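With full-length UniProt numbering, letter number 176 in the sequence shown gets 176, and the count goes up by one each step, no holes.
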Amino acid sequence: MYLPEIFEETDLERLYRLIQDYPFATLISHSVEGLEANHLPFHLLRDEHSQTATLIAHIAKNNPLHTQIENGAAVLIIFQGEHGYISPNWYPSKQQHHRHVPTWNYQVVHVKGSINFLHDEKSLRGILARLTRTHEAKQATPWKMSDAPDEYIAQELQGIVGIEIPISQITGKFKLSQNREKPDALGVVDGLQQQGESRLANAVQQYIED
1 MYLPEIFEET
11 DLERLYRLIQ
21 DYPFATLISH
31 SVEGLEANHL
41 PFHLLRDEHS
51 QTATLIAHIA
61 KNNPLHTQIE
71 NGAAVLIIFQ
81 GEHGYISPNW
91 YPSKQQHHRH
101 VPTWNYQVVH
111 VKGSINFLHD
121 EKSLRGILAR
131 LTRTHEAKQA
141 TPWKMSDAPD
151 EYIAQELQGI
161 VGIEIPISQI
171 TGKFKLSQNR
181 EKPDALGVVD
191 GLQQQGESRL
201 ANAVQQYIED
């Protein structure tokens with residue numbers, strides 16, 4: 001992707017945090033049939049000892065992805081964070097010279113790696129357990145896989161294929177008004193707050209403070 005240096009985010013903790021906060025991503029692959037896009041929730045596994053990370057997910061067995069490409073095929077996964085329209089009316093300097101146009105602020109993380117498909121029951125149970133624990137943690141009474149009959153879970157496992165992607169490259173682009181003077185960037189924060197876009201406003205504010 002086009003990545004001006006001013007918008008490049010290299011802090012791994014920030015990149016991993018975006019993946020964890022916005023886990024629903026687009027997996028892009030290429031086969032003899034051309035480009036394919038699949039939309040999946042991912043879970044990030046981190047190995048603090050080796051300083052490596054892996055993405056896991058699963059697809060329906062009826063999804064042709066696992067027959068279109070082989071284990072080891074290169075894939076791209078795109079995680080989209082907060083984003084929104086930025087009006088030139090929010091810049092105080094616009095009142096002085098009117099030399100501003102609309103733009104869009106956003107956060108994205110691109111991950112590259114080699115995909116592996118998993119079919120054994122142990123791996124599939126592990127993937128489902130991790131995804132479930134992560135997303136059920138927000139519930140007052142979290143659902144557990146053990147809440148369902150084991151034979152039912154075993155039957156459901158027969159209908160999915162696991163995905164494991166060791167991360168070989170991770171790139172972050174956080175376009176958050178870093179190219180604006182501080183008064184104009186603060187104007188963006190105020191404008192976003194007034195639009196109810198508090199999470200994007202907070203992200204812009206963080207880069208002003210940095």
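Heads up, the beta-carbon is just placed ideally off N, CA and C, and yes, glycines get one too. Keep in mind it's a predicted model, so treat the numbers as computed, not measured.
Taking 6 Å as the limit between beta carbons, can you name the residues of its chain near residue i, skipping five residues before and five after?
| i | result |
| --- | --- |
| L76 | I28, K112 |
| V108 | Q80, K173 |
| A185 | S177, I208 |
| E13 | none |
| S93 | D184 |
| G72 | S114 |
| Y106 | H83, K175 |
| P23 | P41, F42 |
State yes or no: is the C-beta of residue i within less than 8 Å of the C-beta of residue j?
| i | j | result |
| --- | --- | --- |
| I86 | I163 | no |
| V188 | W104 | no |
| L44 | I19 | yes |
| I78 | A148 | no |
| A203 | Q193 | no |
| E121 | L157 | yes |
Based on DSSP bridge pairs, tell me the residues matched to residue i.
| i | result |
| --- | --- |
| A74 | S114 |
| W90 | Beta-bridge pairing links W90 to no other residue. |
| P183 | None, per the DSSP bridge assignment. |
| Q80 | V108 |
| S31 | G34 |
| K144 | Note: K144 sits in no beta bridge, so no partner. |
| L169 | Checking the sequence, you will find Gln at residue 169 rather than Leu. Partner(s): K112. |
| D47 | T52 |
Have a look at residue i and residue j and give me their C-alpha separation to the nearest angstrom.
| i | j | result |
| --- | --- | --- |
| residue 214 | R130 | Missing from the structure shown is residue 214; the chain here goes from 1 to 210 and no further. |
| L15 | A140 | 28 Å |
| K182 | H83 | 20 Å |
| I69 | L124 | 19 Å |
| A37 | Q205 | 33 Å |
| E9 | R99 | 27 Å |
| E46 | P102 | Here the sequence assigns Arg to residue 46, which means Glu is not the residue at that position. Answer to the nearest angstrom: the Cα atoms are 39 Å apart. |
| K175 | F7 | 5 Å |
| Q95 | P88 | 10 Å |
| S31 | L3 | 27 Å |
| T179 | S50 | Sequence check: residue 179 is Asn here, not Thr. Each residue's alpha carbon lies about 36 Å from the other. |
| D11 | R199 | 19 Å |
| E151 | Q195 | 49 Å |
| I127 | D190 | 41 Å |
| I160 | E33 | 22 Å |
Can you find the residues in the same chain that come closer than 8 Å, C-beta to C-beta, to residue i, ignoring five residues on each side of it along the sequence?
| i | result |
| --- | --- |
| L35 | I28, S29 |
| M1 | V108, H110, T171, K173 |
| D21 | G81 |
Counting only beta-carbon atoms, is residue i nearer than 8 Å to chain D?
| i | result |
| --- | --- |
| R125 | Chain labels in this structure do not include chain D; a single protein chain is all it has. |
In its own chain, which residues sit with a C-beta less than 7 Å from the C-beta of residue i, not counting the 5 before and 5 after it?
| i | result |
| --- | --- |
| E197 | G84 |
| P142 | E136 |
| I153 | M145 |
| V5 | Residue identity differs from the one stated: residue 5 is Glu in this sequence, not Val. Excluding residues within five positions, none has a Cβ falling inside 7 Å. |
request  = Decide yes or no for the touch test of the region 135–148 against the region 60–67: beta carbon pairs closer than 8 Å, at least 3 of them.
outcome  = By the Cβ rule, the region 135–148 does not count as touching the region 60–67, because fewer than three pairs are nearer than 8 Å.
ask   = Can we say the region 47–57 touches the region 162–171, given the rule of at least three CB pairs closer than 8 Å?
value = Yes, the region 47–57 touches the region 162–171.
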